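Protein sequences appear in the order of chains A and B. Be aware that the first sequence starts at 9, since it is given in our numbering, and climbs by one per residue. Be aware that the second sequence starts at 762, since it is given in our numbering, and climbs by one per residue. Report on the following structure.
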Amino acid sequence: MGVYPDKEKVIRQYDTHRWAEQADVGKHIFIWKFFMSGKEIPRWKMIKAIPEQTYQERRISSYLWQRVEGNTENLVRIDIVESSSWPRAQEILSELLLEYQAPRLREASSLRIELGDVALLGLGEPIQSAIFQRANITSRIHSVGKRDVSVVDVAKQTDKLFLTKPQLSEKGVVPEIESFSAETTTAKIDEIVTLNIKARDPLDRRLWYKLMVDQGEFLVRNENLCFSTRAHGQPEISLFAINEDGFVAGTTLSIKIQ
Amino acid sequence: MSMVIKAIKFNHDPNSADHDALNIRKNGSEFVDVPEWVQGISTKPEDSLAAYSMEETRGGKITIQARFRSVGINTAEIRAVDPTILPPKPTGWWWLLWWVLGWLIRMIFGNVLGEVKETWVDFDSGGDSGFVTFELKNPNIWNAGVGIRYTTWKWQYRLTSGSPWIDIDTTRHKIYVVLEIPKEPWKQTPYVATNDQLPWTDVLDYSCWWAKGSKDRDTASGKITEMVNALGSSVIEYDCPGGGATHYAWPDFNCTEFLERVKGGLGLGKYVNCTDCATVVSTFANILGCDLWQSRMGYGFALNEILAIGSSVWQSACGWSGFSYHEVAWKGTCGVDDEVFDACLKVDGDSDPTGGPPHTPLLPANMKFGNIGDLLYRDRLATQVGRPNCNPQPTTRTRRLIT
């Protein structure tokens, strides 16, 4: 990749440092090994999953979705970039903003659209593109079919996948979390603790994971999932394992911070 | 006594492109195996693919390797002739017309490899010749220009000099002719099936057709630029609703999806921006041996009225005040004195590009970027106020990898 001398201008223009201060919710969520299987967006069906790319510690996946009812020429593409931490996701958002030729995108909050920890929207009406960051995920949603369609609902549904606490499944083919542990149950402030997860789907299908905590942050380091916090106490980490049918298993883990 | 041809290698020396074919693959997931032609498997030209560089092979001896199996033959002289060679020039205007038409078709699509020079071949006790090197007779690669050509060879053998030739088999091959060894992001090494940056024949299918007949880099790059621009609006169009986002070229160039789009599929959707266009032009030109980069200008400049790809409306892009940045396929150091190839838009080619209608559509193909006041690319793209902010940004110069 080339070196972009204008990156700092973009960061200033979109005031990304302000996002970092305000984006509190997503700092305590971590999405790991995410994928879409086709059941995530109501009233839309996934018609294509583009093979995943891995690039500089990020996983990039794209999906084409078609409206089930009405005009089938309504088509949106969802690009998901999974990063190793939320600060890295913000860097990627800044990097992605360098890929827009329009002088300035609109902040979603200026249109009272609640989306992501930070979100920007394209310039057309209806709103045909959205880019947002939630936790360690940067997402782009674009209307790319023959008919122009608003992407706001699809973007919100996508964001919901990352934001909400999943409900545990009581029926169905539910994933099994065999173990969820930390390398130490007592840690110091800012100490990076490696977490160990062992889970499987009864049908040996893929799983993705969501981790949530009241205080502290997650990151991936050397391909290991890690946790650290700047506050004393005994944070409880919730782990959810989700399979392609959307069935959810969950468990918790506490680490004492001295 | 009998003889069969078992296999043919065009790229028999992966370390060289001056006496044999280039290292290629079909696309991101399929490799072109060598030998390229295999008895019983290669039934049509598309089953036997090879690419040659005009520059590297110019004036030199080109060789192939072929393997035969015989029964009851210890040694034989073997050759391949072109069964499609035209008959002598006829008389009569009607037949002359047919002859000229045939000549034209052969010029565009015909055999550039010539024929296979007769060579004595020995067979082991099992009747296997092993791979034998043959020299090509009267190849025409370096005069042909860029293109996709078809070679048909009728293989023949004889046991003694002067005896009549006996037919073995007929083989058919699809041959790509490029200007030079492909430039980055395309690579020739390492020559392994896992190297997905080896030149793709799925890309050559378009590049060679779009730039057919070209004999130099600028002509080929210009033709590619014209053809990419012509994909609007039926295949792709400028992403006004999305804010001019990059769709196919971030972070790498998703060439697989772009090809699917060009073939009539969904790809990643209909929208593109300048980064996508610059990446397509340079990648598709560089596979022919051109030497273009993707590089940016900016930051934040007002635009003259332009014609964005896929649009028939002259306006400052999408009605915006200007571009935050713009990216083009660019020669050399991507500076003021270097030429650009911009498939993303047409500028006003008249004496005053800052004015309103009437406009003279001009596709910037091999147009120098220029200084303010030169009436070159910069002046045609940006308004008088915007020009000071429309500067080459050569540190952004890149050639995105292909996926």
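We put the CB at the ideal spot given by N, CA and C, even for glycine. Fair warning: this is a prediction, and the values are worked out from it, not measured in the lab.
For L965 of chain B, the uninterrupted alpha helix (DSSP H) segment begins and ends at T962 to W971.
Among the CB atoms of chain A, one or more fall inside 9 Å of the CB of F1084 of chain B. When DSSP states are grouped into helix, strand and coil, C1151 of chain B belongs to the coil group. Leaving aside the five residues that flank E252 of chain A on each side, the residues in its chain whose CB is nearer than 7 Å to its CB run, in chain order, S45, R213 and R214. DSSP, reduced to helix, strand and coil, places M1058 of chain B within a strand of the structure shown. Short of 8 Å from the beta carbon of C1151 of chain B, and not among the five residues preceding or following it, lie these beta carbons of its own chain, in chain order: M1058, G1059, F1062, H1087, R1139, L1142 and A1143. At a cut-off of 9 Å between C-beta atoms, Y217 of chain A does not count as an interface residue with respect to chain B. The C-beta of T1094 of chain B comes no closer than 9 Å to any C-beta of chain A. Contact check for S246 of chain A and V201 of chain A: beta-carbon distance about 16 Å, past the 8 Å limit, so the pair fails to qualify. In the DSSP assignment, M815 of chain B falls within the alpha helix (DSSP H) that extends over M815 to T818. Around the beta carbon of E90 of chain A, a 10 Å sphere encloses 16 or more other beta carbons of the protein chains shown; the residue is thus reported as buried. By the neighbour-count criterion, in which 16 or more other beta carbons inside 10 Å mark a residue as buried, A981 of chain B falls on the buried side. No residue range can be given for K822 of chain B, since it is assigned to no alpha helix (DSSP H) and is classified by DSSP as neither H nor E.
For the stretch 19 to 49 of chain A, the set of positions with a beta-carbon nearer than 7 Å to some beta-carbon of chain B is empty. Per DSSP, the continuous beta strand (DSSP E) segment holding C234 of chain A begins and ends at N232 to S236. Of A:E48, A:W94, A:I149 and A:D32, the smallest CA-CA separation from C234 of chain A is found for A:W94. Three or more beta-carbon pairs separated by less than 8 Å link the stretch 929 to 937 of chain B to the stretch 909 to 917 of chain B, which places the two stretches in contact. Following the DSSP letters along the chain, one finds D979 of chain B inside the alpha helix (DSSP H) bounded by residues R978 to N990.
D1103 of chain B sits away from T1121 of chain B, with the two beta carbons spaced by 9 Å or more. Of the other Cβ atoms in all chains shown, 16 or more fall within 10 Å of the Cβ of R1022 of chain B; this residue is therefore buried. V882 of chain B and V1097 of chain B have their C-alpha atoms roughly 59 Å apart. By the Cβ neighbour-count rule, E107 of chain A is buried, with 16 or more other Cβ atoms within 10 Å of its own. Chain A places no beta carbon closer than 9 Å to that of L992 of chain B, leaving this residue out of the contacts. Listed as beta-bridge partners of Y999 of chain B by DSSP are B:V1033.
With the criterion set as a beta carbon lying under 7 Å from some beta carbon of chain B, the members of the stretch 46 to 77 of chain A are K56, I58, Q61, Y63, S70 and L72, in sequence order. Secondary structure note for N1065 of chain B: it is in no beta strand (DSSP E), with a DSSP letter that is neither H nor E.
For H150 of chain A, the nearest beta carbon of chain B is closer than 9 Å to its own beta carbon. When secondary structure is reduced to three states using DSSP, S93 of chain A falls in the coil class, being assigned neither helix nor strand. As the crow flies, the alpha-carbon of G132 of chain A is around 60 Å from that of E876 of chain B.
Think of a sphere of 8 Å around the beta carbon of P1125 of chain B: no beta carbon from chain A falls inside it, the nearest being about 16 Å out.
Within the model, the alpha-carbon separation for I86 of chain A versus F188 of chain A is close to 31 Å.
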